[in-house]
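Undergrad: Can you keep this structure in mind? I'll have questions shortly.
Protein chains: 2
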Amino acid sequence: MLLKIDMSSSEPIYTQIRDQIILGIAAGELRLGESLPSVRQFAEDVGINMMTVSKGYNLLKEEGYIEIDRRNGAKVKKKIASDPVFKEQAQKKLRLLLAELAVHELTPFEIQQIGEEILSEFQTKKERGE
Amino acid sequence: MLLKIDMSSSEPIYTQIRDQIILGIAAGELRLGESLPSVRQFAEDVGINMMTVSKGYNLLKEEGYIEIDRRNGAKVKKKIASDPVFKEQAQKKLRLLLAELAVHELTPFEIQQIGEEILSEFQTKKERGE
DNA sequence: CTATTTGTATTATATCATATAATACAAATA
DNA sequence: TATTTGTATTATATGATATAATACAAATAG
C-alpha cells in the first residue's frame, strides 16, 4: 500500500495518513488484520516526523479502525463495527456534502450515479485484490 | 433562517456559518437571490465578532454561493453552477465518506438508503417552503 | 449635503493546532 | 542482551482561529 503525502496541502499530514488508510481498507488494499508499517519506518519512507505518524495512528485507533500495542505494532481491526455515534456524525457530513452537490445544480439522479460509481469502484478493487 | 453556533465545538465558527447557509439553501430556507443579514446584524444576533461573520461570507463568496457588494450587502447567487474544480473536490470528499461507511459494515444498499433520505428531505422542505 | 448603512482594512492580542527535533522510556521479542 | 515496538517529554516554530477597537470606502435615504 503506497501512501502519498502532499506537503503543500493545508490538510494536516496526520489526517492525510488517516484518510488514505481508510480508503485503503475500503478498496481492499489493506485487509482486515493486516499490519501497518512501524511509525519509524513510515516516517522514514515518507520523510516526516515519527510523532506525526503516531498521531495519525492514534486517531485511527480512537475511531475504531486499528488496534495498537507495543509488541505487535499497529494492525487493522478484524471487525470494524458501526456504532450509533459514528453513524450520526457520518450522516451529518453526508448531509452537508449532498447539500453542496444539490445546490450546484446536480440532480438527485446524478448524485446517486456518482455514489454508485464510487461504491462499485471499491467493490471491483476488492475483488481484484483478493 | 435561524442559525445556531456551537461555541464549544472544535469546528471554526466561520465554517459553521458557511455550512449552515449551504444547508439552508439546499433546504429552501434561503432562496436564490435572497439577502443575508448584514455582518454587524449577524454578529450581534449570535454574539460573535463582525470579522468572523465577514470571513464566513467571504468563504461562501469564493466558493461561488453568494455575491457581496458594499451597497447591497450579501445575497445568495441566482445561479450556482457546478464547475469541474468543485465537482472533483466534492467527489474526493464523497469517496472518503463512503469509504468510512463501507468499512463500518454498512452495505451499499444501506448507504444509498441514507443518501436517498437526505435528498428527499431537502426536496420536501423546499416544496413546503415555496 | 449629511447621516446612515454596507463591507472591508488594520493592528494588536490570545489561544490552539500542527509539525518538527532530539531524547528517553516501557514492553516485548529474537 | 540487543533490537524493535509505541509512547512520553520538552522545546520550538508556524499558522489558523477569534476577538477587540477603530478607521475607511462606497452607496443610499433623508
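Just so you know, the protein sequences line up as chains P and Z, in that order. Just so we're on the same page, the working numbering is the position in the first sequence counted from 1, plus 2. Just so we're on the same page, the working numbering is the position in the second sequence counted from 1, plus 2. All residues carry an ideal CB built from backbone N, CA and C; glycine is no exception.
Tell me the DSSP bridge mates of ASP1/Z?
TA: Past the edges of chain Z, shown from 3 to 132, lies residue 1/Z, and the structure says nothing about it.
Undergrad: By the three-class DSSP mapping on this structure, what secondary structure does SER84/P have?
TA: Residue numbering aside, residue 84/P sits at position 82 when the first sequence is read from its first letter. Coil, per DSSP.
Undergrad: Answer with yes or no whether the minimum CB distance from ALA76/Z to chain P is below 9 Å.
TA: On the second sequence, position 74 is the one that residue 76/Z refers to. No - not a single Cβ of chain P is within 9 Å of the one on ALA76/Z.
Undergrad: Output the distance between the C-alpha atoms of LYS89/Z and ILE68/P, rounded to the nearest integer angstrom.
TA: Walking along the second sequence from the start, residue 89/Z turns up at place 87. Walking along the first sequence from the start, residue 68/P turns up at place 66. Answer to the nearest angstrom: the Cα atoms are 31 Å apart.
Undergrad: Are the C-beta of ILE70/Z and some C-beta of chain P separated by less than 9 Å?
TA: Looking up residue 70/Z in the second sequence gives position 68. No, because no Cβ of chain P sits closer than 9 Å to the Cβ of ILE70/Z.
Undergrad: Within 10 angstroms of its Cβ, does ARG20/P collect 16 or more other Cβ (buried), or is it exposed?
TA: Against the first sequence, residue 20/P aligns to sequence position 18. Its Cβ being crowded by 16 or more others within 10 Å, ARG20/P is buried.
Undergrad: Applying a beta-carbon distance threshold of less than 7 Å, which residues of chain P neighbour VAL48/Z?
TA: Against the second sequence, residue 48/Z aligns to sequence position 46. Within chain P, no residue comes near VAL48/Z; the closest Cβ sits about 19 Å away, beyond 7 Å.
Undergrad: With 8 Å as the C-beta to C-beta threshold (strictly closer), list the residues of the stretch 6-39 of chain Z near chain P in chain order.
TA: Residues ASP21, ILE24, LEU25, ILE27, ALA28 and ALA29.
Undergrad: Suppose the cutoff is 7 Å on Cβ atoms and the five residues either side in sequence are ignored; what does the same chain contact list for VAL55/P look like?
TA: Along the first sequence, one-based indexing puts residue 55/P at 53. Result list for VAL55/P: ILE19, VAL41, PHE44 and ALA45, in chain order.
Undergrad: Check this for me: beta carbons of LEU5/P and VAL48/P, under 9 Å apart or not?
TA: As a working note, residue 5/P is residue 3 in the first sequence. As a working note, residue 48/P is residue 46 in the first sequence. In contact: LEU5/P and VAL48/P (Cβ atoms closer than 9 Å).
Undergrad: Are there three or more Cβ pairs, one per stretch, closer than 8 Å when the stretch 73-87 of chain P is compared with the stretch 61-75 of chain Z?
TA: The stretch 73-87 of chain P is not in contact with the stretch 61-75 of chain Z.
Undergrad: For GLY35/P, count neighbouring C-beta atoms within 10 Å of its own C-beta (all shown protein chains included) and say buried if the count is 16 or more, exposed if not.
TA: Your numbering for residue 35/P matches position 33 in the first sequence. Looking at its Cβ environment, which holds fewer than 16 other Cβ atoms inside 10 Å, GLY35/P is exposed.
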